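Chemist: To start, I am sharing the structure in question, which I have written as structure tokens.
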Amino acid sequence: MRAAGRIPVLLVIDVEPDGFFVDPGARVPWHGFEQAWTWAQSARRMIAAATGAPAQFCWGVRLDAQVERVYGSAAWPLRHYEPQFADFLQHGDALGVHTHVYRWDEPLHGWVIEQGDPAWVEHNVRLSVRTFEYELDRRCDFFRFGDRWMSDAAMTLLDELGVRFDLTLEPGREQVQSYHPDKPSTGCVPHQRGVPPHPYRPARGRRPPARSNGCGTACDRGSTRPGSTTRRGAFARWSTSRSRRAPRTCR
Amino acid sequence: MRTDSFQRNLQTGDLDRSMALLLAHPLASRFEFTTPAQLVARLAPDLADVRVQATMAGLAKDRAQTRMAPGRAVG
Chain A
4 MRAAGRIPVL LVIDVEPDGF FVDPGARVPW HGFEQAWTWA QSARRMIAAA
54 TGAPAQFCWG VRLDAQVERV YGSAAWPLRH YEPQFADFLQ HGDALGVHTH
104 VYRWDEPLHG WVIEQGDPAW VEHNVRLSVR TFEYELDRRC DFFRFGDRWM
154 SDAAMTLLDE LGVRFDLTLE PGREQVQSYH PDKPSTGCVP HQRGVPPHPY
204 RPARGRRPPA RSNGCGTACD RGSTRPGSTT RRGAFARWST SRSRRAPRTC
254 R
Chain B
11 MRTDSFQRNL QTGDLDRSMA LLLAHPLASR FEFTTPAQLV ARLAPDLADV
61 RVQATMAGLA KDRAQTRMAP GRAVG
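Residue numbers (this note's numbering), protein chains in the order written: chain A, 4 to 254; chain B, 11 to 85.
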């Protein structure tokens, strides 16, 4: 079948530890990913049989500060699972970065979800993207935050780092305080109403953040970029609270 | 050993059932499991040479328009 008649599908798999809030003293292999790799091999055959075309998958790997703390290096998964990533590249898969912004808090002796700390977010994004590029000697094919969190500053940073595609946002989803309400956190997960359900280029610049319960978020159909030929409405402008707050537990 | 969501879905058979459902779709023979760059080149060629943003759930919504059950991202 000609490529033009095809319906593109993205199957995105997060490559990460088996748990979100892992024991920092236990370097446990990522059993879920190991099984995902095995499953992917059979899935490729199933898909090829059904579609008549080879299947490519998207793998977003965790290379952030939590991985660095627990495994001694943010690059651990790329080194430990080098054969798997070589296999992905051989199949033409997309390799990207998947980042959570968890910070180990000694006094709490636990992980804090630091989405409300722009400096920590930036550190994690830079660490993840740079680690990917250094280890694989190539640009990442996409980026995807954990817990569908995003901010203006983060989006701008991704652009600055040369990331071409972000797969974080989920159009229509509501704001939630946290996907892990039993864990301390800063910031919140923004609502994503108004996010276009198709590929788009986000607006640049930002407006004053909207506030709602101390973790304001806003998304609307923004203005187009000067000189752009893309239709109005294809852009989104994001604002999120950037103030650092003390970790809190949302109950 | 802790079991993550992928392992649970694999063990319960949900993953294979979901894939079988997907591939049983009348349009499945036209599906192309691909990469973000290729998807954007296909769906939004005017954005293919600039930094853009695609959304996974957005794609799920598109699939819903072809009467497919949209999935949700986890993690």
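Cβ coordinates follow ideal geometry from the N, Cα and C atoms, glycine included. Computed from a predicted model, the values in this text were never measured in an experiment.
Please classify A:G35: is it buried, with 16 or more other beta-carbons within 10 angstroms of its beta-carbon, or exposed?
Modeler: Along the first sequence, read from residue 1 onward, the residue named residue 35 of chain A stands at position 32. The residue is buried, with at least 16 neighbouring Cβ atoms inside 10 Å.
Chemist: Within this structure, are the beta carbons of A:C282 and A:V166 separated by less than 8 Å?
Modeler: Here chain A has residues from 4 to 254 only, and residue 282 of chain A is not among them.
Chemist: Thinking C-beta only, is A:L66 closer than 8 Å to A:L130?
Modeler: Within the first sequence, residue 130 of chain A is the residue found at index 127, counting from 1. Within the first sequence, residue 66 of chain A is the residue found at index 63, counting from 1. Yes; because the gap between Cβ atoms is below 8 Å, this pair is in contact.
Chemist: List the endpoints of the continuous beta strand (DSSP E) containing A:A97.
Modeler: Here residue 97 of chain A is taken as the residue at index 94 of the first sequence, counted from 1. Here the beta strand (DSSP E) through A:A97 covers 97-102.
Chemist: In the DSSP assignment, what residue or residues form a beta bridge with A:V18?
Modeler: To locate residue 18 of chain A, count along the first sequence from 1; it is residue 15. In DSSP, A:V18 forms a bridge with A:V64.
Chemist: Name the DSSP beta bridge partners of A:E117, please?
Modeler: As a first step, residue 117 of chain A must be located in the first sequence, where it is residue number 114. According to DSSP, A:E117 bridges with A:T189.
Chemist: Sorted by chain position, which residues of the same chain lie with C-beta nearer than 7 Å to A:Q178's C-beta, five sequence neighbours on each side aside?
Modeler: Here residue 178 of chain A corresponds to residue number 175 of the first sequence, with the count starting at 1. Around A:Q178: C191, V192, P193, H194, T220.
Chemist: For A:R147 and A:D108, what's the separation of their Cα atoms in angstroms?
Modeler: Against the first sequence, residue 147 of chain A aligns to sequence position 144. Against the first sequence, residue 108 of chain A aligns to sequence position 105. Spanning the two alpha carbons is a distance of roughly 24 Å.
Chemist: Taking 8 Å as the threshold (C-beta atoms), are A:Q87 and A:W40 in contact?
Modeler: As a position in the first sequence, residue 40 of chain A is number 37, starting the count at 1. As a position in the first sequence, residue 87 of chain A is number 84, starting the count at 1. The answer is yes: Cβ separation under 8 Å.
Chemist: Under a three-way DSSP split, which group does A:P11 fall into?
Modeler: Here residue 11 of chain A corresponds to residue number 8 of the first sequence, with the count starting at 1. If DSSP states are grouped into helix, strand and coil, A:P11 belongs with the strands.
Chemist: Who are the near neighbours of A:A78 in its chain, counting only those whose CB is closer than 6 Å to its CB and skipping five residues on each side?
Modeler: The sequence position of residue 78 of chain A within the first sequence is 75, counting from 1. Within the same chain, A:A78 has close Cβ partners T134, E138.
Chemist: Take A:L172 and list the residues in its own chain whose beta-carbon comes closer than 7 Å to its own, dropping the five residues that flank it on each side.
Modeler: Residue mapping note: residue 172 of chain A aligns to position 169 of the first sequence, counting from 1. Around A:L172: R151, M153, Q195, V198.
Chemist: Compare the Cα-Cα distances from B:L53 to each of A:H201, A:G149, A:P205 and report the closest residue.
Modeler: In the second sequence, the residue the question calls residue 53 of chain B occupies position 43. Of A:H201, A:G149, A:P205, the residue nearest in Cα terms is A:H201.
Chemist: Using a Cβ-Cβ cut-off of less than 7 Å, give me the residues of the stretch 28-49 of chain B that come near chain A, in sequence order.
Modeler: For the stretch 28-49 of chain B, which is checked against every Cβ of chain A, the residues closer than 7 Å are M29, L33, L37, A38, S39, R40, F41, E42, F43, T44, T45, P46, A47, Q48, L49.
Chemist: With distances taken from CA atoms, which of B:L32, B:D26, B:P36, B:H35 is nearest A:Q44?
Modeler: Along the first sequence, read from residue 1 onward, the residue named residue 44 of chain A stands at position 41. The option with the nearest alpha carbon to A:Q44 is B:D26.
Chemist: Tell me the rounded alpha-carbon separation between B:F41 and A:C61.
Modeler: As a first step, residue 41 of chain B is located in the second sequence; it is residue number 31 there, counting from the start. As a first step, residue 61 of chain A is located in the first sequence; it is residue number 58 there, counting from the start. When rounded, the distance between both Cα atoms is 15 Å.
Chemist: Taking buried to mean at least 16 other C-beta atoms within 10 Å of its own C-beta, is A:L111 buried or exposed?
Modeler: For the purposes of this step, residue 111 of chain A is identified with residue 108 of the first sequence, where counting begins at 1. Exposed is the call here.
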